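Read the structure below first, then the notes.
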Amino acid sequence: MRVLIAEDEPVARRVAQKAVQGFGHEVEIVEDGLAAWKRLEEAPFDVLISDWLMPGLDGLELCRRVRARGNRPYCYVILLTARRAKEDLVAGIMAGADDFVSKPFDHAVLRARLHTAERVTRLEQDLEGKVGELQKALDEVKTLRGLLPICMYCKSIHESQDVWRRIESYVSEHSQAEFTHSICPDCYEKEVKPQLDELRRSKRPEPGA
Amino acid sequence: MAKATGNDPSRTPVDMAVLRQATSGDRDLMEELAELYLNDADLQLRALDDALENKEYDRIRRIGHSLKGSSSSIGAGTAAEAFKSLEEAGRAQDETAIRAAIARGTAEFERVKKALAELR
């Protein structure tokens, strides 16, 4: 996973960076909330591990901004904190944090939390892929709707100012339907049969010829 | 509880178990962290003088918070306690307490420095 670590305290930052790299993830580090926000706007990260108290932009505000972006690839947020009060936990969750790790952190705990992060981000990515496929399918489905002005006699469709299109070409262009021509029984009786009769009559030898 | 203004020689300045845990026993990383800590703490302590002179209490509180965090990351528990009292004194804008906490923090920092020097 691509992991961004935002921590202003240099020792904790280096410890976190080394640990997360050691778990096999790709890690970038920044020194405060504003720098983290800048990086998050520039590139996608699967996980953000952020300190709670930082100069400029604190972990809570950073979290709110990440969630306010909405329809981006999901970024799993872990807040690093020494806070254990119930109110802090609620504030963190309400800001959009997915998980909390207390400082100074335990390697095994952080590793386990990242394991959860990986599972959740994978689910989110699968879901995003499915939504994308559905959207693509929906975009390809053309529908005919609205009021179509049609000629009462020849059934041509009034497309624009002076353009009247034959109904077959209009429907083909505005939907996924295609035409295969044939003749209905009524039209056979009304149109085709008289023409055939006429043809037969014209081929019959004239009496006395 | 009596406010300690001096250091506490009976307690170890750096808990090596914490440092080992943070580095998974990686000796090079331990040394690197020690250097990071010492440089950062030195800078912050120097900034404290300036902040105190200008009565920038919020800055003092933030420096106290930061030093508390880095001391605790490196396993320097007694220094972390001293800087926690600095953070609190800064929040309370109590100049006497701030001076006492700075004196205690500086003394603890010196002990940590010695202990970390033995790492090398």
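As you go down the protein sequences, you meet chains A and B in turn. With the working numbering as the guide, the letters of the first sequence map in order to residues 1 to 209. With the working numbering as the guide, the letters of the second sequence map in order to residues 210 to 329. By construction, the Cβ of each residue, glycine as well, lies at the ideal position given by its N, Cα and C atoms. Small disclaimer: the values here were computed from a predicted structure and weren't measured.
Check: Give the secondary structure of PHE318(B) by DSSP, where H, G and I count as helix, E and B as strand, and everything else as coil.; Outcome: helix
Check: Any beta carbon of chain B sitting closer than 9 Å to that of GLU9(A)?; Outcome: yes
Check: Measure the alpha-carbon distance for GLU317(B) versus LEU276(B) and round it to whole angstroms.; Outcome: 12 Å
Check: Leaving out the 5 sequence neighbours to the left and right, which residues in its chain are closer than 8 Å to MET210(B) when beta-carbon positions are compared?; Outcome: Because MET210(B) carries a pLDDT of 41, less than 50, the predicted location of this residue cannot be relied on, and the following value inherits that uncertainty. Excluding residues within five positions, none has a Cβ falling inside 8 Å.
Check: Does chain B have any CB closer than 9 Å to the CB of ALA210(A)?; Outcome: Since the first residue shown for chain A is 1 and the last is 209, residue 210(A) is missing from the structure and cannot be characterised.
Check: Hey, does LYS212(B) have any beta-carbon neighbour from chain A nearer than 9 Å?; Outcome: Low per-residue confidence applies at LYS212(B): pLDDT is 45, beneath 50, and the placement is therefore not dependable, though the value from the model is reported in the following sentence. By this cut-off, LYS212(B) is not an interface position.
Check: Is it true that the CB of ALA6(A) sits closer than 9 Å to the CB of ASP46(A)?; Outcome: no
Check: For the stretch 283 to 315 of chain B, which residues have a beta carbon sitting closer than 9 Å to at least one beta carbon of chain A?; Outcome: ILE283, GLY284
Check: Inspect the beta-carbon positions of SER279(B) and GLU9(A) and report whether they are closer than 9 Å.; Outcome: yes
Check: In the DSSP assignment, the beta strand (DSSP E) including GLU9(A) goes from what residue to what residue?; Outcome: No beta strand (DSSP E) holds GLU9(A); DSSP gives it neither H nor E.
Check: Specify, as a first and last residue, the run of the alpha helix (DSSP H) that SER294(B) falls within.; Outcome: 286 to 301
Check: Say whether chain B places a C-beta atom closer than 9 Å to the C-beta of VAL15(A).; Outcome: yes
Check: Go ahead and label THR121(A) buried or exposed: buried means 16 or more other beta carbons lie within 10 angstroms of its beta carbon, across all protein chains shown.; Outcome: buried
Check: What residues from chain B crowd round ASP12(A), counting only those whose CB sits closer than 8 Å?; Outcome: Checking the displayed sequence, the identity of residue 12(A) turns out to be Ala instead of Asp. Near ALA12(A) (Cβ distances below 8 Å), the residues of chain B are GLY278, SER279, SER282.
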